[in-house]
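First up is the structure itself, then whatever we jot down about it.
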Amino acid sequence: MLSPLAFSVSYLTTAITVLVVQQGGWWMFFPVLQVFAIIPLIDEIVGPWQGNPDPATEARITRSRPYRLLVWAWVPVQTALLVWSLGLVASGALAPHEIIGLTLAIGISTGTVGITFAHELMHRPGRFDRMLAELLMGSVLYAHFCIEHVHGHHRNVATRDDPATARLGESFYRFLPRTIVRGAQSAWRLERERRRRRGIPFWSLRNRMLRYGLLQTTFLVVVLAVFGPAGLLFFVAQALVAVTELEIINYLEHYGLARRIGGDGRPERVRPWHSWNSSHLVSNLFLINLARHSDHHFAAGRPYQLLRHWPDAPQLPGGYGAMFLAAMVPPLWFRIMNPRVAAWRARDLAGGEVPVAG
1 MLSPLAFSVS
11 YLTTAITVLV
21 VQQGGWWMFF
31 PVLQVFAIIP
41 LIDEIVGPWQ
51 GNPDPATEAR
61 ITRSRPYRLL
71 VWAWVPVQTA
81 LLVWSLGLVA
91 SGALAPHEII
101 GLTLAIGIST
111 GTVGITFAHE
121 LMHRPGRFDR
131 MLAELLMGSV
141 LYAHFCIEHV
151 HGHHRNVATR
161 DDPATARLGE
171 SFYRFLPRTI
181 VRGAQSAWRL
191 ERERRRRRGI
201 PFWSLRNRML
211 RYGLLQTTFL
221 VVVLAVFGPA
231 GLLFFVAQAL
241 VAVTELEIIN
251 YLEHYGLARR
261 IGGDGRPERV
271 RPWHSWNSSH
281 LVSNLFLINL
291 ARHSDHHFAA
301 GRPYQLLRHW
311 PDAPQLPGGY
321 GAMFLAAMVP
331 PLWFRIMNPR
341 VAAWRARDLA
351 GGEVPVAG
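Take the sequence shown: its letter number 321 is residue 321 in the UniProt record's numbering, and every next letter is one higher.
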């Protein structure tokens with residue numbers, strides 16, 4: 001069973017980011033190389049780890065505090081990282097290429113680590129966890145994701161109604177504007193329906209979309225007041241980097257997969273084979289088991305340390321790092337993935353099923 005210390009690799013890569021940024025110059029771009037070349041290469045060399053927790057281990061670590069503290073601790077770390085980087089930009093001491101490198105470096109941290117940890121927190125039942133998720137998502141100006149992901153994506157995944165499910169033959173660059181626009185629309189619709197059911201007026205802090213708007217506006221106003229226009233531009237730019245990373249991951253997680261529609265017009269229940277799975281060890285340590293996505297959608301309430309490998313679910317041919325890069329090159333992506341989608345659809349139509357987690 002993987003320990004909390006093993007999952008703390010995200011903190012190590014962030015510490016390396018801080019160290020190299022302090023060197024200045026072209027070192028500012030090292031975090032890009034680290035996340036999109038070095039880690040994917042190590043991931044492919046190490047390969048998958050397919051171990052699953054036994055029942056006794058599950059019972060012991062389900063609510064283990066060290067696993068929870070590891071995720072909670074990221075909130076002050078990311079806050080400090082943003083304040084520190086905003087100070088660097090506002091100082092006026094950075095050259096243009098250094099600002100670009102810093103923007104990518106911080107956006108990678110708030111995207112790959114921050115959003116991944118926020119994703120874990122928004123699925124937890126506790127109010128404190130969800131509040132931390134909202135703060136992290138608000139810091140990348142994407143707080144509505146807390147609504148759409150939990151209440152929209154998990155219900156509609158692998159259907160035409162899901163903005164976050166990429167369609168067969170759809171490039172990432174066509175998927176990106178569609179998922180951003182429709183995801184925001186879905187969040188507004190879901191919150192409107194919730195307000196109607198509970199009798200919540202629009203002008204109320206119980207209206208989550210209004211509350212998220214105020215939260216994000218507060219972030220922007222404070223950044224502008226303290227760090228000036230340059231700081232504001234940097235803050236928005238790192239958010240764009242982070243959100244783009246999120247949506248690339250969304251793109252590869254369900255590409256081309258579809259649930260069958262029954263005679264009543266309803267899709268079948270969500271199964272492990274409606275998500276692409278990857279049990280590559282390094283990327284799962286870095287992303288706290290996010291790539292074990294088949295089990296996450298099959299049992300969304302399972303904490304990250306308990307997510308299981310499903311050997312008969314559709315498997316990505318590489319770890320998330322390698323597939324992330326492939327998704328950015330549509331011809332390469334289609335060449336790799338379209339035959340796999342076709343093969344999986346043929347198996348699905350033939351009635352093949354996933355028996356149990358391996």
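Backbone N, C-alpha and C fix where the C-beta goes; we use that ideal spot for every residue, glycine too.
Note that the structure is a prediction, hence the values are computed from the model and not measured.
Rank the options by C-alpha distance to the C-alpha of residue i and give the top, closest one.
{"i": "W84", "options": "V71, L136 and I106", "result": "I106"}
{"i": "F117", "options": "P311, D162, N156 and A242", "result": "A242"}
{"i": "N207", "options": "L104, Q50, R271 and R195", "result": "R195"}
{"i": "L306", "options": "E58, V21 and T14", "result": "E58"}
{"i": "T13", "options": "T165, W276, S283 and L325", "result": "S283"}
{"i": "H280", "options": "A343, A300, P317 and T244", "result": "P317"}
{"i": "L290", "options": "V222, V113, G265 and N338", "result": "V113"}
{"i": "F145", "options": "Q315, R340 and N250", "result": "N250"}
{"i": "F172", "options": "A343, I16 and F334", "result": "F334"}
Tell me whether residue i sits in a helix, a strand or coil according to DSSP, three-state version.
{"i": "P177", "result": "helix"}
{"i": "H280", "result": "strand"}
{"i": "Q78", "result": "helix"}
{"i": "E170", "result": "coil"}
{"i": "R211", "result": "helix"}
{"i": "L287", "result": "coil"}
{"i": "I39", "result": "helix"}
{"i": "M1", "result": "coil"}
{"i": "D129", "result": "helix"}
Is it the case that the Cβ atoms of residue i and residue j are separated by a distance below 9 Å?
{"i": "S10", "j": "W74", "result": "yes"}
{"i": "P163", "j": "G183", "result": "yes"}
{"i": "E148", "j": "G319", "result": "no"}
DSSP has residue i in a bridge; who is on the other side?
{"i": "I261", "result": "P267"}
{"i": "P48", "result": "H280"}
{"i": "Q185", "result": "In the DSSP output, where bridge partners are listed per residue, Q185 has none listed."}
{"i": "Q315", "result": "N277"}
Taking just the CA atoms, how far does residue j sit from residue i?
{"i": "I180", "j": "S91", "result": "33 Å"}
{"i": "N156", "j": "R259", "result": "9 Å"}
{"i": "R345", "j": "L214", "result": "44 Å"}
{"i": "L257", "j": "R302", "result": "22 Å"}
{"i": "E268", "j": "M122", "result": "25 Å"}
{"i": "I99", "j": "L141", "result": "20 Å"}
{"i": "P53", "j": "Q216", "result": "39 Å"}
{"i": "A357", "j": "H274", "result": "Only weak support is given to the placement of A357: the predicted model assigns it a pLDDT of 38, under 50, and the value that follows is read from those uncertain coordinates. Distance between the alpha carbons of A357 and H274 is about 14 Å."}
Looking at chain C, is there any beta carbon in it that lies within less than 9 Å of the beta carbon of residue i?
{"i": "V243", "result": "Included in the structure is just one protein chain, with no chain C present."}
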